[in-house]
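Everything on this sheet refers to the single structure shown next.
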Amino acid sequence: MTSTGGCFAVLGCRGLIRQFLFGQSQGNDLLSKYADGCTCGLHYSSVLHFVLACLCTVLSSAAQLVDRTLYVHLHPGLNLGGGNQPRPVFIPPVVDLSALITRLYSNAADVCGHLDVRVLLTNVRAQSAACSGATTPTCPFPTPQSLSHSPEVVLTDFALQDPGQSHQVTLCLQRYTGHCYVCSPSLPSVLLHPQLTSLQEKEEGLKDPEETEAPLETYTDVVVGGTFDRLHGAHKTLLNISCLLANRRFLIGVCDQAMLKKKVLKELIEPYSLRVQRLQEFLQDTKPSLQVEIVPLDDPFGVSIVDPQLQCIVVSEETRKGGEAVNKKRLENGLPALVLHEIQLLKDAHHTETEEEKISSSSLRSRLLGTLLTPPKDTSHLPPLPYVIGLTGGSGSGKSSIARQLEAFGAVRIDCDKLGHEVYQPGAAGYLRVLEEFGSDILNEDKTINRRALGRKVFGNQERLKALTDIVWPEIALLVKNRVSQARDEGKEVCVVDAAVLLEAGWTDLVHEVWVSIIPEEEAVLRITERDGVTTEDAVRRLESQWSSSKQVEHANVVLSTLWEPEVTQKQVLKAWNLLQKRIHQRREGQ
33 MTSTGGCFAV
43 LGCRGLIRQF
53 LFGQSQGNDL
63 LSKYADGCTC
73 GLHYSSVLHF
83 VLACLCTVLS
93 SAAQLVDRTL
103 YVHLHPGLNL
113 GGGNQPRPVF
123 IPPVVDLSAL
133 ITRLYSNAAD
143 VCGHLDVRVL
153 LTNVRAQSAA
163 CSGATTPTCP
173 FPTPQSLSHS
183 PEVVLTDFAL
193 QDPGQSHQVT
203 LCLQRYTGHC
213 YVCSPSLPSV
223 LLHPQLTSLQ
233 EKEEGLKDPE
243 ETEAPLETYT
253 DVVVGGTFDR
263 LHGAHKTLLN
273 ISCLLANRRF
283 LIGVCDQAML
293 KKKVLKELIE
303 PYSLRVQRLQ
313 EFLQDTKPSL
323 QVEIVPLDDP
333 FGVSIVDPQL
343 QCIVVSEETR
353 KGGEAVNKKR
363 LENGLPALVL
373 HEIQLLKDAH
383 HTETEEEKIS
393 SSSLRSRLLG
403 TLLTPPKDTS
413 HLPPLPYVIG
423 LTGGSGSGKS
433 SIARQLEAFG
443 AVRIDCDKLG
453 HEVYQPGAAG
463 YLRVLEEFGS
473 DILNEDKTIN
483 RRALGRKVFG
493 NQERLKALTD
503 IVWPEIALLV
513 KNRVSQARDE
523 GKEVCVVDAA
533 VLLEAGWTDL
543 VHEVWVSIIP
553 EEEAVLRITE
563 RDGVTTEDAV
573 RRLESQWSSS
583 KQVEHANVVL
593 STLWEPEVTQ
603 KQVLKAWNLL
613 QKRIHQRREG
623 Q
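When we follow our numbering, the leftmost residue of the sequence shown carries the number 33, and every step to the right adds one.
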């Protein structure tokens with residue numbers, strides 16, 4: 033079945049469990065799960081245990097119909113097969129619900145990583161919170177809740193007792209959905225994957241557990257901190273469980289520039305404003321009743337050590353020590369310690385040898401290397417072939433080794449450093465203009481230009497340096513055009529312009545795509561000092577005179593990094609090359 037515009041599914045277990053999935057393909061999808069256990073004598077935890085067993089199957093089935101967002105809504109006790117129209121009710125937060133959320137995001141990362149899964153908690157509320165005031169609504173949805181992406185389709189695996197039940201279930205489902213969320217009054221329905229019916233048979237063996245479900249301790253004000261780059265399943269687990277714990281206010285510290293300096297591939301971290309925007313959208317969908325405050329985090333503690341209303345901080349086993357450090361600071365400030373609520377790290381089943389075992393933003397950023405981050409600008413002024421890549425990067429970034437690999441794949445490498453030497457050769461137009469501007473005292477005995485002597489004349493003098501680049505850069509650009517034209521005459525398909533000053537010189541109009549090689553500054557300094565035999569101070573000054581990696585990445589279509597072992601870089605470059613070939617092929621077919 034092809035992907036639909038939006039979907040909603042029901043997991044039916046002979047009247048015992050119901051799960052609904054809403055969704056929108058091409059960016060908008062909704063998974064809504066409902067359990068119907070109360071009418072059959074099942075405890076809440078029994079229902080949740082069954083749902084845990086079905087998660088992978090449900091998500092795999094939904095992934096065949098949904099393209100992007102999948103919302104999840106839980107309602108134990110919902111009976112779609114009865115004669116009365118069910119209504120949404122508040123359900124209590126319990127430990128098993130927290131476990132279900134963790135497992136759901138973990139399974140989603142494994143079986144449907146392309147989906148933006150969101151567990152909705154509007155109808156989850158602690159008894160103490162529900163009874164805290166006379167004005168507290170008795171229904172979680174006094175009016176239908178608007179979602180970021182309105183559902184357009186209902187998916188259901190409801191096990192019909194007979195075909196004549198279909199119309200009744202569809203109407204019941206549509207009314208319930210419309211009571212909870214803003215959506216079309218006549219959502220079309222689709223049967224989920226048939227393999228789910230085999231799981232329904234297992235439910236007959238469920239017994240009432242002797243013990244009651246363990247309640248989850250909740251708090252008025254909860255705080256978390258993090259980078260929240262490229263919002264993923266581990267982030268969503270943290271956010272959802274925090275929403276379960278928080279009754280009134282949820283405070284989030286989001287790492288700003290000062291806290292990003294040591295992050296892996298920090299140049300690829302989304303802007304602060306975009307990360308905040310995505311958090312706000314997710315939380316507005318998840319639990320709109322919460323008072324959400326998002327603040328920039330410029331140090332490891334932020335407001336968590338000075339806010340007297342905070343009661344709980346949510347941490348992982350990895351960040352527990354940070355939570356303990358927060359409490360130490362709070363005690364020093366005369367504030368009570370926060371309850372540390374620890375959640376599990378989610379394992380990344382798809383991680384490589386250079387990536388973390390847990391689901392992490394740094395792994396997601398590393399997977400972007402070699403891919404097309406932004407579409408190429410309009411290059412209609414350039415001939416379609418050869419397709420010209422402009423490769424740049426700071427000193428020590430390894431761009432030349434990348435260029436050599438691309439050359440081995442069949443690209444024509446145009447080394448702008450060598451072309452710069454040609455510009456200075458006696459008799460060249462650039463040679464004569466440099467002598468006119470800087471004098472004959474920069475010549476060697478053989479009449480060649482002494483580039484060290486020339487460098488001393490422009491070092492630290494921006495005006496003189498600009499006078500030199502105004503002469504040399506246009507001459508190099510002409511030579512680049514000549515080399516590309518020569519490659520075209522030879523029938524070559526790809527040229528790589530290896531140029532440290534590609535962006536500074538304004539040569540982007542010469543290329544179809546800009547590729548940038550990046551490494552951390554401390555690694556670049558080490559490479560420069562070892563390669564060129566200069567001091568650390570000289571290496572730092574050299575890097576400071578160039579565009580920063582972050583500024584270069586702003587202009588990049590493709591980003592690469594030589595930070596890891598050579599074989600890792602080779603795989604990156606091969607991926608980039610193969611994807612480039614596909615783009616060239618598609619471009620050719622589109623013309």
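Where a beta carbon is used, it is the ideal one built from N, C-alpha and C, also for glycine.
Original post:
Would you call the stretch 400-416 and the stretch 521-535 in contact, with 3 or more CB pairs under 8 Å?
Top reply: no
Original post:
Which class does Y213 belong to by DSSP, given the choice of helix, strand or coil?
Top reply: Here the question's residue 213 lines up with position 181 in the sequence shown. Three-state result, Y213: strand.
Original post:
Is any beta-carbon of chain D found at less than 8 Å from that of K295?
Top reply: The structure shown contains no chain D; it is built from a single protein chain.
**OP:** Following the continuous alpha helix (DSSP H) through S613, name the residue where it begins and the one where it ends.
**Re:** Start at 1 with the first residue of the sequence shown, and residue 613 comes out as number 581. Note on residue identity: the sequence assigns Gln, not Ser, to residue 613. Taken as a continuous stretch (DSSP letters only), the alpha helix (DSSP H) holding Q613 covers 598-622.
Subject >> CA nearest to the CA of T561, picked from I375, G428, V371 >> reply: Taking the sequence shown and counting its residues from 1, one reaches residue 561 at position 529. Measuring from the Cα of T561, the nearest candidate turns out to be G428.
Original post:
Which residue comes first and which comes last in the alpha helix (DSSP H) that contains E562?
Top reply: One-based indexing of the sequence shown puts residue 562 at position 530. Counting along the chain, the alpha helix (DSSP H) containing E562 begins and ends at 553-564.
Original post:
Quick one: what does DSSP say L129 is sitting in, helix, strand or coil?
Top reply: Position 97 of the sequence shown, counted from the start, is the residue given in the question as residue 129. DSSP places L129 in helix when its eight states are reduced to three.
Original post:
Whose C-alpha, out of L475, L322, G265, P328, is nearest the C-alpha of R280?
Top reply: By one-based count along the sequence shown, residue 280 stands at place 248. The residue with the shortest Cα to Cα distance from R280 is L322.
Original post:
Per DSSP, what kind of secondary structure is G538 in: helix, strand or coil?
Top reply: Against the sequence shown, residue 538 aligns to sequence position 506. Residue state, collapsed to three classes: coil.
Original post:
What runs of the beta strand (DSSP E), each 3 residues or longer, lie entirely inside the stretch 571-595?
Top reply: 590-593
Original post:
Starting from V455 and walking both ways along the beta strand (DSSP E), at which residues does that stretch end?
Top reply: Here residue 455 refers to the residue found at position 423 when the sequence shown is read from its first residue. Not the beta strand (DSSP E): V455 falls in the alpha helix (DSSP H), residues 448-455.
**OP:** Starting from the C-beta of A588, find all residues in its chain whose C-beta is less than 7 Å away, skip the five residues before and the five after it, and write them out in chain order.
**Re:** In the sequence shown, counting from the first residue as 1, residue 588 sits at position 556. For A588, where only same-chain residues beyond five positions count, the Cβ hits under 7 Å are L405, V546, W547, V548.
Original post:
Beta carbon of H211, beta carbon of P176: below 8 Å?
Top reply: Against the sequence shown, residue 211 aligns to sequence position 179. Against the sequence shown, residue 176 aligns to sequence position 144. Yes.
Original post:
Looking at V346 and V256, is the spacing between their C-beta atoms short of 8 Å?
Top reply: Looking up residue 256 in the sequence shown gives position 224. Looking up residue 346 in the sequence shown gives position 314. Closer than 8 Å, so yes.
Original post:
The beta strand (DSSP E) with P328 in it runs from where to where?
Top reply: Within the sequence shown, residue 328 is the residue found at index 296, counting from 1. 323-329 is the span of the beta strand (DSSP E), which, as asked, contains P328.
Original post:
Anyone know if the C-beta pair for V490 and R496 falls short of 8 Å?
Top reply: The sequence position of residue 490 within the sequence shown is 458, counting from 1. The sequence position of residue 496 within the sequence shown is 464, counting from 1. Taking 8 Å as the Cβ cut-off, V490 and R496 qualify as a contacting pair.
**OP:** Would you identify the three-state DSSP class for I550, choosing helix, strand or coil?
**Re:** Indexing the sequence shown from 1 puts residue 550 at position 518. In the structure shown, I550 sits in a strand (DSSP, three-state: E or B).
**OP:** On a CA-only basis, which of P418, A537, C448, T424 is nearest Q518? Give me that one, please.
**Re:** The count along the sequence shown starts at 1 and reaches residue 518 at position 486. Of the candidates P418, A537, C448, T424, the one whose C-alpha sits nearest the C-alpha of Q518 is P418.
Original post:
What's the C-alpha gap between K508 and C448?
Top reply: Walking along the sequence shown from the start, residue 508 turns up at place 476. Walking along the sequence shown from the start, residue 448 turns up at place 416. Sequence inspection shows Ile at residue 508; the Lys mentioned does not correspond to that position. The alpha-carbon atoms of I508 and C448 are separated by roughly 7 Å.
Original post:
Span of the beta strand (DSSP E) holding V424?
Top reply: Taking the first residue of the sequence shown as 1, we reach residue 424 at position 392. Here residue 424 is Thr; the residue named in the question, Val, does not match the sequence. Unbroken beta strand (DSSP E) run through T424: 419-425.
Subject >> Pick from L475, V90, A440, L378 that is closest to Q457, judged by C-alpha positions >> reply: Taking the sequence shown and counting its residues from 1, one reaches residue 457 at position 425. The candidate whose alpha carbon is nearest that of Q457 is L475.
Original post:
If you drop the 5 nearest sequence neighbours on each side, which residues of the same chain put their C-beta closer than 7 Å to that of C344?
Top reply: Indexing the sequence shown from 1 puts residue 344 at position 312. Here the set comprises Y251, V254, L277, L370, V371, H373.
Subject >> Nonlocal neighbours in the same chain, by C-beta distance under 7 Å from K607, ignoring five residues either side >> reply: Taking the sequence shown and counting its residues from 1, the one referred to as residue 607 is at position 575. G402.
**OP:** Would you grab the beta carbon distance between S182 and C215 for me? Rounded to a whole angstrom, and I think it's under 8 Å.
**Re:** As a position in the sequence shown, residue 182 is number 150, starting the count at 1. As a position in the sequence shown, residue 215 is number 183, starting the count at 1. Indeed, because the Cβ distance is near 5 Å, the residues count as touching under 8 Å.
Subject >> Separation of S348 from G69, as counted between CA atoms >> reply: For the purposes of this step, residue 69 is taken as residue 37 along the sequence shown, with counting starting at 1. For the purposes of this step, residue 348 is taken as residue 316 along the sequence shown, with counting starting at 1. Unreliable positioning characterises G69 in this predicted model, as indicated by a pLDDT of 27, which lies under 50. A coordinate reading is not provided.
Original post:
Nearest-angstrom Cα distance between G513 and D521?
Top reply: Mapped onto the sequence shown, residue 513 falls at position 481. Mapped onto the sequence shown, residue 521 falls at position 489. The sequence shown places Lys at residue 513, not Gly. For K513 and D521, the distance between alpha carbons rounds to 12 Å.
Subject >> Given 8 Å, three or more beta-carbon pairs between the stretch 143-153 and the stretch 97-117 >> reply: Contact between the stretch 143-153 and the stretch 97-117 is present: 3 or more CB-CB pairs across the two stretches fall below 8 Å.
**OP:** Would you kindly work out how many angstroms separate the C-alpha atoms of R559 and K431, rounded to a whole number?
**Re:** As a first step, residue 559 is located in the sequence shown; it is residue number 527 there, counting from the start. As a first step, residue 431 is located in the sequence shown; it is residue number 399 there, counting from the start. Their backbone Cα atoms lie some 13 Å apart in a straight line.
**OP:** Would you check if there are 3 or more beta carbon pairs closer than 8 Å linking the stretch 393-401 to the stretch 287-302?
**Re:** yes
Subject >> Closest Cα partner of I133 within the set G265, Y213, F122 >> reply: By 1-based counting over the sequence shown, the position of residue 133 is 101. With distances taken between Cα atoms, I133 lies closest to G265.
Original post:
Alpha carbon to alpha carbon, how far is Q437 from I481?
Top reply: Against the sequence shown, residue 437 aligns to sequence position 405. Against the sequence shown, residue 481 aligns to sequence position 449. When rounded, the distance between both Cα atoms is 32 Å.
Original post:
Buried or exposed: A556, going by 16 or more other Cβ atoms within 10 Å of its Cβ?
Top reply: The residue labelled residue 556 in the question sits at position 524 within the sequence shown. Residue environment: A556 is assigned as buried (16 or more neighbouring CB atoms within 10 Å of its CB, all protein chains considered).
Subject >> As assigned by DSSP and simplified to three states, the class of C287 >> reply: Here the question's residue 287 lines up with position 255 in the sequence shown. C287 sits in a strand when the DSSP states are folded into three classes.
Subject >> Closest by C-alpha distance to K319, when choosing among T154, P340, K360 >> reply: As a working note, residue 319 is residue 287 in the sequence shown. Per the Cα distances, T154.
Subject >> V151 and V121 closer than 8 Å at C-beta >> reply: Looking up residue 151 in the sequence shown gives position 119. Looking up residue 121 in the sequence shown gives position 89. In this structure, V121 does not lie closer than 8 Å to V151 by Cβ.
Original post:
Taking DSSP as the reference, what is the three-state secondary structure of H373?
Top reply: One-based indexing of the sequence shown puts residue 373 at position 341. H373: strand per DSSP, three-state reduction.
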